[in-house]
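K.L.:
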Amino acid sequence: DKGNYEHFMLKEIYEQPISIEDTFRGRVSLDHSKIFLGGIIDVLPKLSQARRIIIAACGTSWHAGIVGEYLFEEFARTPVEVEYASEFRYRNPVINEDDVIIAISQSGETADTLAAIKMAKEQGATILGICNVAGSSIPRETHAGVYTHAGVEIGVASTKAFTSQVTVLTMMAFLLGKTKGHIKDVDYKELIGELIQVPDKIRTILQSEEQIKAIAETYKDANNALYLGRGYLFPVALEGALKLKEISYIHAEGYPAAEMKHGPIALIDENMPVFVLATKDKSYEKIVSNIQEVKARNGKVIAIVTKGDDVIKKMADHVIEVPDCHEAIAPLLTSIPLQFVSYHIAVMRGCNVDQPRNLAKSVTVE
Ligand code: M6R
C-alpha cells in the first residue's frame with residue numbers, strides 16, 4: 246500500500262528514518278556504549294582474525310559494499326576487496342580459509358551473488374550475509390549474518406534497503422574495530438552517538454524535498470549527468486548515478502572526483518549537470534578545487550554540502566544542505582538528496598518510477 250504517496254519509491258525514501266531505526270533496534274546502545282549483533286556473535290572471533298574480507302554483491306548492494314570497504318579498513322584495519330559477484334564467481338579467484346566473504350543483497354535471491362558465495366563456501370571461506378528478505382536463498386546459504394530489517398522494498402530502485410545496508414556495515418565496522426582494539430572507548434561512544442543521530446538528521450533532509458524538486462525541474466531535460474565524490478562519498482556518487490539511469494533513463498556516471506581530470510572532464514560544458522558530494526571531511530579542500538575545475542568549464546554544479554557552508558555556496562549553481570556529521574556517517578545522509586533528484590526527474594519525464602523498463606526487482610538469472 247502506497248498510503249498517501251504517489252509512488253512506492255517516494256514512500257520508501259520517506260521511510261528511511263524509521264527503516265534505519267529498525268536496523269538499529271536492539272543492536273545499539275549509547276548508554277552502554279555497545280553494539281550487539283546477535284547474528285554474527287559466534288563468528289566474531291573468526292571475523293577479527295580474518296586476513297581479508299571480500300564483499301560480493303551487485304548493483305546498489307555493491308555500492309554499499311564500497312562504503313563497507315572504506316569503513317572496515319579505516320576502523321577495523323582489515324583489508325577488504327569489493328567484488329562484482331558476477332566477475333568473482335567466474336574468474337577463479339584466490340580464496341583462503343581465513344577469508345571472510347560478506348554477501349550483500351536486498352532480495353537475498355540475486356543469482357550471481359548466491360553462486361559467488363556457494364563457490365567461496367566450497368573453498369572453505371566463512372560466509373556472512375547482509376540481506377533484507379528473511380529466509381531468502383542467500384541467508385540460507387551463509388554461516389551467519391545480519392538482517393537489515395528495512396521492511397519490504399517495492400520500488401525497483403533501491404533506496405531504504407541501501408541505507409539499511411550501509412547502517413549494518415557501519416555497525417559491523419565499528420564493532421569489529423572495537424573488538425580488534427583499534428577504537429578507543431571514548432571514540433566508540435562518540436561513533437555510536439553519531440550513528441544514533443542519523444534518523445533525526447534524515448528527517449531534516451527530507452524537509453528539503455521541495456527545494457530539490459525545483460533543482461530537478463532545472464535539469465530534467467539533460468542527456469547526461471556526472472556525479473563526483475571522494476572517500477566515503479565516492480560510492481554515493483556511483484549510487485546517485487545508478488539511480489538516475491535506472492528510473493529516468495538519463496545517462497549518468499559516478500566518479501571519484503580526482504579521476505575526473507583523467508577523462509570525464511572532457512565531457513563538461515554548459516549542458517552538463519555535475520552533482521558533487523562536498524560535505525566537510527578530510528578531502529573538503531580537494532573537492533572545492535574539483536568544483537572550481539567544473540565551473541571553469543561552465544559545467545553546472547549541484548553540490549551537497551554541510552549546513553552553513555558559505556564557501557561552496559558562492560561557487561556552485563545550487564547547494565543542498567545536510568546536517569553536520571562524522572565523515573563515516575555522511576553516506577547515510579548525502580544519499581537522500583540524490584534519491585529525491587532521481588525520483589523527481591523521473592516523474593517529470595513521465596517515467597514509470599516504480600517499475601522502470603527492462604528491470605526486475607531481483608535478478609534471479611545470471
Ligand atoms: O537484491 P540485491 O540487493 O541482490 O539486488 C542487487 C541489484 O540487482 C540491485 O541493487 C539493483 O541494482 C537495483 N535496481 C538498484 O536500485
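Mapping the sequence shown onto the UniProt record's numbering, position 325 (from 1) lands on 570, and the numbers just tick up by one.
Glycine is no exception: its CB is placed at the ideal position from the N, C-alpha and C atoms.
Kindly list the residues whose CB is nearer than 7 Å to the CB of Gln410, restricted to its own chain and excluding five residues on each side of it in sequence; keep chain order.
P.N.:
Cβ within range, chain order: Ser306, Ala309, Ile349, Ile375, Thr393.
K.L.:
How would you call Tyr477, buried or exposed, if buried means at least 16 neighbouring beta carbons within 10 angstroms?
P.N.:
By the 10 Å Cβ count, Tyr477 comes out buried.
K.L.:
Have a look at Ser382, Tyr529, Lys559, Val519 and flag the residue whose alpha-carbon is nearest the alpha-carbon of Asn543.
P.N.:
The shortest C-alpha separation from Asn543 is found at Val519.
K.L.:
For a test of the three-state rule: what should DSSP assign to Asp287, helix, strand or coil?
P.N.:
Asp287: helix per DSSP, three-state reduction.
K.L.:
Quick check on Ala605: buried or exposed, where buried means 16 or more other Cβ atoms within 10 Å of its Cβ?
P.N.:
Exposed, by the Cβ-count rule.
K.L.:
Does Ala591 pass the burial test, meaning 16 or more other C-beta atoms within 10 Å, or should it be called exposed?
P.N.:
Ala591 comes out buried.
K.L.:
Please confirm whether Ile311 and Glu439 have their CB atoms less than 8 Å apart.
P.N.:
No, they are not a contact pair.
K.L.:
Leaving out five residues on either side along the sequence, give the residues of the same chain with a beta carbon under 7 Å from the beta carbon of Asp466.
P.N.:
Cβ neighbours of Asp466 beyond the five flanking positions: none.
K.L.:
Can you tell me whether Gly304 sits near the ligand M6R, meaning its C-beta is under 7 Å from at least one heavy atom of the ligand?
P.N.:
Because some heavy atom of the ligand M6R lies under 7 Å away, the Cβ of Gly304 counts as near it: yes.
K.L.:
Can you give me the C-alpha to C-alpha distance between Arg594 and Glu462, rounded to a whole angstrom?
P.N.:
Going by the C-alpha atoms only, they are around 10 Å apart.
K.L.:
Decide if Lys488 is buried, meaning its Cβ has at least 16 other Cβ atoms within 10 Å, or exposed.
P.N.:
Looking at its Cβ environment, which holds 16 or more other Cβ atoms inside 10 Å, Lys488 is buried.
K.L.:
So, with DSSP's three-state summary, where would you put Asp343?
P.N.:
Three-state result, Asp343: coil.
K.L.:
What span of residues does the alpha helix (DSSP H) with Tyr472 cover, start to end?
P.N.:
Per DSSP, Tyr472 belongs to no alpha helix (DSSP H); it is in the beta strand (DSSP E), 469–474.
K.L.:
Just to confirm, does Ala497 get its C-beta within under 7 Å of one of the non-hydrogen atoms of the ligand M6R?
P.N.:
Flag unset: Cβ of Ala497 not near the ligand M6R.
K.L.:
Using C-beta distances below 7 Å, list every residue in its chain close to Glu342, excluding the 5 sequence neighbours before and after it, in chain order.
P.N.:
Once the five neighbours on either side are set aside, the close Cβ partners of Glu342 are Gly369, Ala370.
K.L.:
Report the residue from Gly426, Phe419, Phe281, Met364 whose alpha carbon sits nearest the alpha carbon of Gly313.
P.N.:
For the residues Gly426, Phe419, Phe281, Met364, the minimum Cα distance to Gly313 belongs to Phe419.
K.L.:
Just reading off the beta strand (DSSP E) that Val546 is part of, what are its end residues?
P.N.:
Taken as a continuous stretch (DSSP letters only), the beta strand (DSSP E) holding Val546 covers 545–551.
K.L.:
With a threshold of 16 other CB atoms inside 10 Å of the CB of Ile286, please say whether the residue is buried or exposed.
P.N.:
Its Cβ having fewer than 16 others within 10 Å, Ile286 is exposed.
K.L.:
Any chance you could list the beta strand (DSSP E) runs of at least 3 consecutive residues sitting entirely within the region 444–470, in chain order?
P.N.:
Counting only runs of 3 or more, we get nothing.
K.L.:
Spell out the partners DSSP gives Cys376 in its beta bridges.
P.N.:
Ser350, Tyr392.
K.L.:
Assuming contact is defined by CB atoms lying nearer than 8 Å, are Val481 and Leu451 in contact in what I supplied?
P.N.:
It is not a contact, given that the beta carbons lie outside the stated cut-off.
K.L.:
Is it true that the CB of Ile280 sits closer than 8 Å to the CB of Ile437?
P.N.:
Against a cut-off of 8 Å, the Cβ pair of Ile280 and Ile437 comes out as a contact.
K.L.:
Let me know if Pro582 comes out buried or exposed under the rule of 16 or more other beta-carbons within 10 Å of its beta-carbon.
P.N.:
By the neighbour-count rule (16 or more Cβ atoms within 10 Å), Pro582 is buried.
K.L.:
Hey, would you say the C-beta of Ala402 is under 7 Å away from at least one heavy atom of the ligand M6R?
P.N.:
Within the cutoff, so yes.
K.L.:
For the ligand M6R, any of its heavy atoms closer than 7 Å to the Cβ of Glu491?
P.N.:
Answer for Glu491: yes, Cβ within range of the ligand M6R.
K.L.:
Looking at C-beta atoms only, is the number of pairs between the region 548–567 and the region 441–457 that lie closer than 8 Å three or more?
P.N.:
The region 548–567 vs the region 441–457: in contact.
K.L.:
Determine the closest residue to Gln294 out of Leu421, Glu435, Ser528, with distance taken between C-alpha atoms.
P.N.:
The residue with the shortest Cα to Cα distance from Gln294 is Leu421.
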